[in-house]
Amino acid sequence: NGSITQSVVDSLEFDPADGNSTDIIYVSGNTYAIVYSGTLSDGFVSIFNITAAGVIDNAIIDQLEFNITNGVEPVIINVGGNYFAVAYSGPGSTGWLTTIVMETASSYPTDRPTINPIISFSVSNLDTWASFSETANKNG
Numbered sequence: 774n775g776s777i778t779q780s781v782v783d784s785l786e787f788d789p790a791d792g793n794s795t796d797i798i799y800v801s802g803n804t805y806a807i808v809y810s811g812t813l814s815d816g817f818v819s820i821f822n823i824t825a826a827g828v829i830d831n832a833i834i835d836q837l838e839f840n841i842t843n844g845v846e847p848v849i850i851n852v853g854g855n856y857f858a859v860a861y862s863g864p865g866s867t868g869w870l871t872t873i874v875m876e877t878a879s880s881y882p883t884d885r886p887t888i889n890p891i892i893s894f895s896v897s898n899l900d901t902w903a904s905f906s907e908t909a910n911k912n913g
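Quick look at the structure:
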């Protein structure tokens, strides 16, 4: 049986305009990613650091707008290594799945890492998501 011994440890406003339907995932080390529906319901992913003591860095490390039209109710999972999949309701309320790559080093350089979209697929009438698979090729 647990108890909450302290109220809020730290807070960070990650989007001063809109931040709806959020989902957070561990990336690596102290680094976490949050996906959300932002301004004009566009889809965003932001990465930031949280220490084991619950202290949040005062700045977003990097941000990607993964859908510039609609990115409603996004959910993110790690599909392996530094590849992540985001499922969301896109334009016309159709189902979308987008993969992105994020650095998974235990710490990021101060000059901001990159987040790159890989590919997106549109799926009409997506009610549930049971599973999917992805094949990656290693360079070298």
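Every position in the sequence shown, counted from 1, becomes a number in the numbering used here once 773 is added. Glycine included, each C-beta is placed from N, C-alpha and C at the ideal position. Owing to the predicted nature of the structure, the values given are computational and were not obtained by experimental measurement.
- Apart from the 5 residues on each side of it in sequence, D783 sits with its Cβ closer than 7 angstroms to the Cβ of G827, V828 and I829 in its chain, given in chain order.
- No residue range can be given for L785, since it is assigned to no beta strand (DSSP E) and is classified by DSSP as neither H nor E.
- Counted as a single uninterrupted DSSP element, the beta strand (DSSP E) harbouring G816 occupies residues G816 to N822.
- Around the CB of L837, 16 or more other CB atoms lie within 10 Å, so the residue is classed as buried.
- G816 is positioned such that its CB atom lies closer than 8 angstroms to that of G844.
- Judged by DSSP secondary structure, S776 falls outside any beta strand (DSSP E); it is assigned neither H nor E.
- Our two residues, L813 and A825, have alpha carbons roughly 34 angstroms apart in a direct line.
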